[in-house]
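Asks: This is the structure, below, for whatever I ask next.
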Amino acid sequence: MLRRSRWPILGMLVLAWCISQQGDPTTMVASPPLQKELEKARKTMAKAPRSVSECEASAGTFRAAVESRPEDALLRLQLADALNCVMRIKTNGNMLLISGTQDSQSNIKVWKEVGPEAWDNANRALAALPKNPQAASVYADAFQYMSSAHGILRQALTGGGREFLRNAQRMQAVGPDEEGGLGFIFEGCFYIAAPWPLRDLKRALGLMRRALAQKKCKRNYYYVGLANYHLQNYEEAIDYFAKSADAKPEFLSEFDFAAGLTQEAQHGIKLATDALRAGSSETD
């Protein structure tokens, strides 16, 4: 007597379970037109410099792909990255200024409109890819834009500040060289921007130097100069601001706000030079 094998039945059951958990496998591959658009969007996001319109168009393509493949963590990561790019270009990278903050009404409007979607997709991507350096940096960037919409200084004293530090330290742990040591820059910025008693300028300088050890680049020169300026090490500040002003952007995110870095570094040279002259006249 012939017995029917149970393996085909088991295989059908496994396939049914997979479909229930992940969706029909026949829908997992993007349609040819969308696949072509995805390739175009990825190429756009991988070149520099990038424009707001290019990043917005790329985000639209990734958004359409996510709608058809919501479980795809890499697509969500690419969508969040494109949205971060939009915010970075529009709001000058939310870079830490020598004096004042970037939370103008126009910048806050951008962060409120774009930040939540960027954060949601970055959060889902990070949950699926917890050890991925890019996922950690994209999440940290999305969080800082979204939370800055509620006031940069206010966030330093709330749960937002603690989350900001956790994000910085996660980047340092899973990818210390990601984005040229971005995790060290984030933590250093916290200790410059935070009010007393959290402000710690010496600690900030040490963190900025760690980033510079990872990569000698325009952004890192600027932040080493910034920390020295606040510590009243004006000669060192002038040196690093000058290096930042002269340096060419090297990696994608740096291109997005390179003009702002140059402008603020040149401003820093003037302020530090004026401070040195004022100090010299007082001793005469």
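Residue numbers for the sequence shown, in mature numbering (1 follows the signal peptide of the UniProt record, and there is no 0): -23 to -1, 1 to 261.
Where is the CB? At the ideal position from N, CA and C, for every residue including glycine.
Since the structure is predicted, the reported quantities are computational estimates derived from the model, not experimental observations.
1. For Lys67, report the span of its alpha helix (DSSP H) as first-last.
2. How long is the line joining the alpha carbons of Ala224 and Phe161, rounded to whole angstroms?
3. Can you grab the Cα-Cα spacing for the pair Leu74 / Leu208, in whole Å?
4. Which of the three DSSP states, helix, strand or coil, is assigned to Glu212?
5. DSSP state of Ile246, grouped into three classes?
6. Are the Cβ atoms of Leu51 and Ser114 separated by less than 7 Å?
7. Return the residue from the list Arg186, Phe163, Gln82 and Lys89 that minimises the CA-CA distance to Asn205.
8. Quick one: residues in its chain with C-beta nearer than 7 Å to the C-beta of Ala(-8), no 5 flanking neighbours on either side, listed in chain order?
9. Within 10 Å of its beta-carbon, does Arg147 have 16 or more other beta-carbons around it, so buried, or fewer, so exposed?
10. Quick one: any contact between the segment 31 to 49 and the segment 194 to 204, if contact means 3 or more CB pairs under 8 Å?
11. Give me, in chain order, the residues of the same chain whose beta-carbon lies closer than 7 Å to that of Gly256; leave out the 5 immediate sequence neighbours on both sides.
12. Could you tell me the alpha carbon to alpha carbon distance between Leu189 and Asn197, rounded to whole angstroms?
13. Between Trp96, Ala145, Phe163 and Asp49, which has its C-alpha nearest Ala126's C-alpha?
14. State the start and end residues of the unbroken alpha helix (DSSP H) segment that holds Phe228.
15. With contact counted as at least three CB pairs below 8 Å, one residue from each stretch, are the segment 223 to 237 and the segment 54 to 68 in contact?
16. May I ask which residues mark the beginning and end of the alpha helix (DSSP H) holding Leu106?
Replies: Quick answer:
1. Per DSSP, Lys67 belongs to the alpha helix (DSSP H) from Ala50 to Lys67.
2. Cα-Cα distance, rounded: 20 Å.
3. Distance between Leu74 and Leu208, taken at the CA atoms: about 15 Å.
4. Note: Glu212 maps to helix in three-state DSSP.
5. Ile246: helix per DSSP, three-state reduction.
6. For Leu51 and Ser114, no; Cβs fall outside 7 Å.
7. Restricting attention to Arg186, Phe163, Gln82 and Lys89, the CA atom closest to the CA of Asn205 is found in Arg186.
8. Bear in mind that a pLDDT of 45 at Ala(-8), under 50, signals an unreliable position, so the model cannot answer this.
9. Buried: at least 16 other Cβ atoms inside 10 Å.
10. Proximity of the segment 31 to 49 to the segment 194 to 204 falls short of the contact definition, fewer than three beta-carbon pairs being nearer than 8 Å.
11. The same chain holds no residue with a CB closer than 7 Å to that of Gly256 once the five nearest residues on each side in sequence are set aside.
12. Each residue's alpha carbon lies about 5 Å from the other.
13. In terms of Cα proximity to Ala126, the closest of Trp96, Ala145, Phe163 and Asp49 is Trp96.
14. Neither: Phe228 is in no alpha helix (DSSP H) and is coded neither H nor E.
15. The count of Cβ pairs closer than 8 Å, one atom from the segment 223 to 237 and one from the segment 54 to 68, reaches three, so the stretches are in contact.
16. Element bounds for Leu106: n/a, residue is neither H nor E.
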